[in-house]
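>
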DNA sequence: CGAGTTCTTGACTCGCCTCAATTTGAGTGG
DNA sequence: CCACTCAAATTGAGGCGAGTCAAGAACTCG
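Protein chains in written order, with the numbering used here: chain V, 9 to 269; chain C, 9 to 269.
#1: Below 7 Å on C-beta distance, what does residue 104 (chain V) contact in chain C?
#2: In the segment 30-59 of chain V, which residue ranges form an unbroken beta strand (DSSP E) of at least 3 residues, counting only runs that do not cross its ends?
#3: Could one say the Cβ of residue 94 (chain V) lies closer than 9 Å to chain C's Cβ atoms, at least one of them?
#4: Pick helix, strand or coil for residue 115 (chain V), following the three-state DSSP scheme.
#5: Roughly how many whole angstroms lie between the Cα atoms of residue 182 (chain C) and residue 48 (chain V)?
#6: Out of C:123, C:224, C:103, C:93, point me to the one whose CA is closest to residue 28 (chain C)'s CA.
#7: Taking the C-alpha atoms as reference points, what is the distance between residue 217 (chain C) and residue 246 (chain C)?
#8: Could you confirm whether any beta carbon from chain C is found closer than 9 Å to the beta carbon of residue 86 (chain V)?
#9: Answer yes or no: do residue 193 (chain V) and residue 243 (chain V) have a C-beta to C-beta separation smaller than 9 Å?
#10: Please go through the same chain and pick out, in chain order, the residues whose beta-carbon is closer than 7 Å to the beta-carbon of residue 250 (chain V), but skip the five residues on each side of it.
#11: Assuming residue 91 (chain V) is part of the alpha helix (DSSP H), what are its boundary residues?
#12: Rounded to a whole number of angstroms, what is the C-alpha to C-alpha distance between residue 235 (chain V) and residue 86 (chain C)?
#13: Starting from the beta carbon of residue 153 (chain C), find every residue of chain V whose beta carbon is closer than 7 Å, and list them in chain order.
#14: Could you name the residues of the same chain whose beta carbon sits closer than 7 Å to that of residue 14 (chain C), not counting the 5 residues immediately before and after it, in chain order?
#15: With 8 Å as the C-beta to C-beta threshold (strictly closer), list the residues of the segment 61-77 of chain V near chain C in chain order.
#16: Give the residues of chain V in contact with residue 83 (chain C), contact being defined as C-beta atoms less than 9 Å apart.
#17: Output the distance between the C-alpha atoms of residue 95 (chain C) and residue 149 (chain V), rounded to the nearest integer angstrom.
#18: Go through its chain and collect everything with a Cβ distance to residue 221 (chain C)'s Cβ below 7 Å, but skip five positions before and after it.
#19: Buried or exposed, going by whether 16 or more other CB atoms sit within 10 Å of the CB of residue 165 (chain C)?
#20: Which residues, taken in chain order from the segment 27-53 of chain C, show a beta carbon closer than 7 Å to some beta carbon of chain V?
#21: May I ask you to list the residues that DSSP assigns as paired with residue 76 (chain C)?
#22: Can you pull the chain C neighbours of residue 141 (chain V), defined as C-beta to C-beta under 9 Å?
#23: Which term fits residue 128 (chain C), buried or exposed, when burial requires 16 or more other beta carbons within 10 angstroms of its beta carbon?
#24: What is the DSSP secondary structure of residue 130 (chain C), reduced to helix, strand or coil?
#25: Helix, strand or coil for residue 195 (chain V) per DSSP?
#26: If we cut at 9 Å on Cβ distances, does residue 89 (chain C) have a partner in chain V?
#27: Curious, which full-length alpha helix (DSSP H) runs of at least 4 residues does the segment 159-220 of chain C contain?
#28: Could you check whether the segment 196-213 of chain V touches the segment 100-111 of chain V, counting it as contact only if at least three pairs of C-beta atoms, one from each stretch, sit closer than 8 Å?
#29: Between residue 210 (chain C) and chain V, is there a C-beta pair that is closer than 9 Å?
#30: Would you kindly work out how many angstroms separate the C-alpha atoms of residue 140 (chain V) and residue 132 (chain V), rounded to a whole number?
#31: For chain V, check one thing: does any of its Cβ atoms lie closer than 9 Å to the Cβ of residue 127 (chain C)?
#32: Answer yes or no: do residue 270 (chain C) and residue 120 (chain C) have a C-beta to C-beta separation smaller than 9 Å?
#33: Residue 8 (chain C): buried (16+ other C-beta within 10 angstroms of its C-beta) or exposed?
#34: Can you tell me whether residue 74 (chain C) is buried or exposed? The criterion is at least 16 other CB atoms within 10 Å of its CB, across all chains shown.
#35: When you compare the CB of residue 222 (chain C) with every CB in chain V, is at least one pair closer than 9 Å?
#36: Across which residues does DSSP place residue 101 (chain C) in a beta bridge pair?
Structure, rendered in structure tokens:
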């Protein structure tokens with residue numbers, strides 16, 4: 009999308025039927041002729057870790073489905089600070105704007121595989137085929153819900169709770185996106201972000217994040233195989249610490265009421 | 009929607025052509041037969057200030073366009089604290105969820121006039137008529153953009169900047185929604201929120217909000233005719249204080265670079 | 001193994017919260 | 001019109017949590 013010279017080469021799309029995204033992503037709404045149209049305009053692309061996919065203010069020339077990897081969404085403030093506003097995983101969609109230019113930057117947190125679609129024919133397909141637009145609309149509504157939940161985290165929670173909240177989100181998403189079935193209530197994953205990036209996501213400093221990760225570790229809520237490899241032995245307990253999370257499920261609420269510190 | 013006994017009586021819709029919302033709200037996408045369908049299912053309703061319109065968790069039985077007044081969107085945390093996640097004004101739409109129940113509460117900040125639509129026929133019209141769905145989709149995308157901008161305010165700004173940011177948003181919206189043309193760069197409006205509500209919006213305490221409003225007043229960025237009546241003599245200056253605001257326009261950016269404190 | 005980045009830990013500072021006392025303002029009844 | 005009441009807002013004193021600054025440890029990658 010940004011077209012840096014070091015981008016990997018374009019390749020024709022793998023047959024959609026064999027694609028990991030076929031039954032969960034945008035294309036799950038399509039079949040027959042419509043799917044052919046999308047497949048014909050789609051191009052696979054691999055983006056190495058830490059490379060920008062597009063930048064805030066860039067003209068929005070492409071849309072993309074994420075096939076694998078993790079993407080950071082980044083806002084840069086006037087004084088040059090970075091703030092991460094979201095993470096995108098496999099099956100998510102990038103570039104849901106009606107405007108001509110992007111409202112934030114997207115960068116690969118890990119190596120990322122994308123299926124990209126040029127703007128004009130994609131928008132035409134959207135106009136012709138309401139179910140696909142409906143999928144995008146619902147995706148956007150979910151994003152909005154998550155964003156509103158997140159404002160609670162940033163507005164009201166302590167640094168300890170914030171770090172727990174973010175790890176919880178990443179843990180759940182890792183469980184959902186991961187392949188193998190895991191023990192119930194258990195998660196193990198590689199953090200796609202550095203301490204500094206976690207801080208940019210949470211509105212904290214990297215020192216505070218480091219301290220709170222340490223505290224979670226001391227309290228036994230997480231284990232670290234390395235600084236990036238996290239194990240959450242009991243997701244419910246972590247949810248209890250993240251507390252008042254809105255997205256707190258019945259399970260978590262239960263744990264919260266049980267008599268342990 | 010909530011159906012409290014003290015709700016005013018339902019009335020048949022005023023002829024749409026005379027409605028303030030006709031050319032800006034959802035219904036601006038409609039004409040002829042489709043507009044008739046919407047008009048026939050719509051019911052006007054007046055909600056007095058400080059009354060709930062619907063509550064978090066309620067089954068979403070109605071959608072609504074706001075005709076006049078200001079609506080607070082409120083999340084209540086597990087421990088009972090309130091957090092305001094947004095304000096809605098005339099021409100905005102309430103209840104854009106695909107889920108069966110509301111994800112937050114809505115309450116009238118001022119007296120509010122609504123045009124309400126029962127869920128089932130409204131969703132049918134949405135299915136039948138893509139341009140209306142498109143309007144809602146675009147509205148949701150704008151909401152998402154604003155919400156993401158807001159996470160920057162909550163995550164990174166000082167209390168002074170936050171208060172300035174919120175007053176700026178309210179001032180701009182008041183200019184946009186207000187009737188008469190105002191002097192360029194000038195705004196005057198009645199705050200729809202108490203200090204305590206401003207604090208719930210900003211993730212601060214009411215004392216801090218009060219102090220920062222006082223500071224803005226001392227520095228001449230705002231004037232107060234009463235505690236609720238605000239005058240912003242120069243919106244650009246206020247935008248400069250709110251700074252790094254993302255939504256900072258060219259005008260504001262200009263001011264930011266000029267040599268005044 | 002060495003160089004650079006990332007992460008951790010400690011000491012100190014400061015901004016916002018907490019608690020508490022007034023002050024202001026709107027609404028009500030004498 | 002004024003006295004009374006109650007909610008809303010202001011102002012002040014003091015404490016704590018997260019930021020800042022700085023040093024050192026632990027990873028990563030030639």
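From the three backbone atoms N, C-alpha and C, an ideal C-beta is built for every residue, glycine too. If you're wondering where the values come from, they're calculated on a predicted model, not measured in any experiment.
Per the coordinate set shown:
#1: 149
#2: 51-55
#3: yes
#4: strand
#5: 47 Å
#6: C:123
#7: 16 Å
#8: yes
#9: yes
#10: 169, 172, 173, 176
#11: Unbroken run through residue 91 (chain V) is the beta strand (DSSP E), 90-96; no alpha helix (DSSP H).
#12: 32 Å
#13: 111
#14: Caution applies to residue 14 (chain C), whose pLDDT of 42 falls short of 50 and renders its modelled position unreliable; the value that the coordinates give is listed next. Excluding residues within five positions, none has a Cβ falling inside 7 Å.
#15: none
#16: 156, 157, 159, 160, 254
#17: 17 Å
#18: 171
#19: buried
#20: none
#21: C:121
#22: 138, 141, 142, 145
#23: exposed
#24: helix
#25: strand
#26: yes
#27: 167-185, 203-210
#28: no
#29: yes
#30: 11 Å
#31: no
#32: Here chain C has residues from 9 to 269 only, and residue 270 (chain C) is not among them.
#33: Only positions 9 to 269 of chain C appear in this structure, which leaves residue 8 (chain C) out of reach.
#34: buried
#35: no
#36: C:73
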